[in-house]
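In my numbering, the protein residues as written are 116 to 332.
Just so it is clear, CB atoms sit at the ideal spot from N, CA and C, and this is done for glycine as well.
The structure appears right after this line, and notes come after that.
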Ligand code: BEZ
């Protein structure tokens, strides 16, 4: 099958989150004014009134208190109108009691989708893929997830990764495979021979070798 050559910018980890002003279900929002002093999860879904998207948005909504506890605001997006968003929000509330109480961008002109690499034309030319941008309080992009149209994301992993980023920042440590709250964390490896020798005789950490040592938080 032939593929299109259209290429849009793809923000990268470490980049400043591109700024924009957009219509949302909570009015017009300028992104740089949103969630001051907080983390932001900016995520896209392909379309309103679709099944996988309904499960995902309901997941964000029902676990909003956990995002609040992590000082994080949610902002959704799809290439649909505010009118369609409102109809879907009300429909899901009527069907399930779940209310999407966070702004959802109506990206009808695809401006934000293109700015954030959410429009990936070989997957769909008209619908955003399932992206999640983890953006810290300084508006730097810290982690990016992209999922295709046919596979829903994992809310436990989204929350785990957000927590891991914050715990890493706070304690100057790194997180091993499958890290979860309560697990040991990785101490930064030594930067010179002197630090290496110290680490080799440091019995306060769980040492595999000088470059891999773990400790409790
Ligand atoms: C869904 O959310 O179910 C969906 C949306 C777009 C394409 C495929 C699935």
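- Taking each of 277, 295 and 183 in turn and checking the Cα distance to residue 216, the smallest one comes out for 183.
- Residue pairing by DSSP places residue 324 opposite 327 in a beta bridge.
- With 16 or more other Cβ atoms from the protein chains shown falling within 10 Å of its own Cβ, residue 245 counts as buried.
- Placement of the Cβ of residue 264 at a distance of less than 6 Å from at least one heavy atom of the ligand BEZ is found.
- Close CB contacts of residue 286 within its chain, under the 8 Å cut and outside five residues either way in sequence, are with 300 and 332 (chain order).
- Remark: the C-beta of residue 166 is in contact range of the ligand BEZ, defined as less than 6 Å to any heavy atom.
- In this structure the region 141–149 does not lie against the region 265–272, because fewer than three pairs of beta carbons, one per stretch, are closer than 8 Å.
- Boundaries cannot be given for residue 240, as no beta strand (DSSP E) includes it and DSSP labels it neither H nor E.
- Around residue 208, the same chain offers 214 as residues with beta carbons nearer than 6 Å, after the five sequence neighbours per side are excluded.
- Between the region 183–198 and the region 143–162 there are three or more inter-stretch CB-CB distances shorter than 8 Å, so the stretches are counted as touching.
- According to the DSSP assignment, residue 145 belongs to the beta strand (DSSP E) that extends over 142–145.
- When beta bridges are read from the DSSP output, residue 138 appears opposite 143.
- A check of alpha carbon separations from residue 148 across 160, 134 and 277 identifies 134 as the nearest.
- Taking residue 177 as the centre and dropping the five residues before and after it, the same chain places the C-beta of 213 closer than 8 Å to its C-beta, in chain order.
- Where residue 191 is concerned, the enclosing beta strand (DSSP E) starts and stops at 187–193.
- Looking from the CA of residue 150, the closest CA among 262, 260 and 218 belongs to 218.
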